[in-house]
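Asks: Counting in the working numbering, the sequence shown runs from 4 upward without gaps.
One structure follows; several queries about it will come next.
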Amino acid sequence: MDNVATLQETAVSTRQRGIAFRTSGRRHGPITRLVSPSDVGELIKPFVFLDHGEIRPTGQQLFAGIHPHSGIATLTTVLA
Numbered sequence: 004m005d006n007v008a009t010l011q012e013t014a015v016s017t018r019q020r021g022i023a024f025r026t027s028g029r030r031h032g033p034i035t036r037l038v039s040p041s042d043v044g045e046l047i048k049p050f051v052f053l054d055h056g057e058i059r060p061t062g063q064q065l066f067a068g069i070h071p072h073s074g075i076a077t078l079t080t081v082l083a
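Structure below.
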């Protein structure tokens with residue numbers, strides 16, 4: 004039974020770790036880019052985009068130009 008791992012060998016560490024990186028992001032209109040491939044993304048490859056959007060109804064058409072994630076698989080979650 005050499006291939007059977009014991010509970011102790013597979014336990015996940017519960018040791019607290021310090022914050023490695025903190026950012027306030029860069030604003031692009033209503034979107035704040037918190038993580039992009041050219042900054043923290045270099046450290047956490049494969050990279051992710053982590054954006055926070057604050058879009059409030061104004062009654063005017065919203066135009067943000069070409070979507071920054073064009074050509075990249077995306078997942079958008081709307082929290083209300």
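Backbone N, C-alpha and C fix where the C-beta goes; we use that ideal spot for every residue, glycine too.
May I ask which residues mark the beginning and end of the beta strand (DSSP E) holding residue 87?
Replies: No answer is possible for residue 87: the residues shown for the chain start at 4 and end at 83.
Asks: Please return the same chain residues whose Cβ sits closer than 8 Å to the Cβ of residue 55, not counting the five positions on each side in sequence.
Replies: 28, 34, 35, 37
Asks: Alpha carbon to alpha carbon, how far is residue 60 from residue 31?
Replies: C-alpha separation (whole angstroms): 18 Å.
Asks: Secondary structure at residue 87, three-state DSSP: helix, strand or coil?
Replies: No information on residue 87 is available, as it lies outside the stretch 4 to 83 that the chain covers here.
Asks: Could you tell me the distance, in whole angstroms, from the CA atom of residue 57 to the CA atom of residue 78?
Replies: Roughly 17 Å separates the two Cα atoms.
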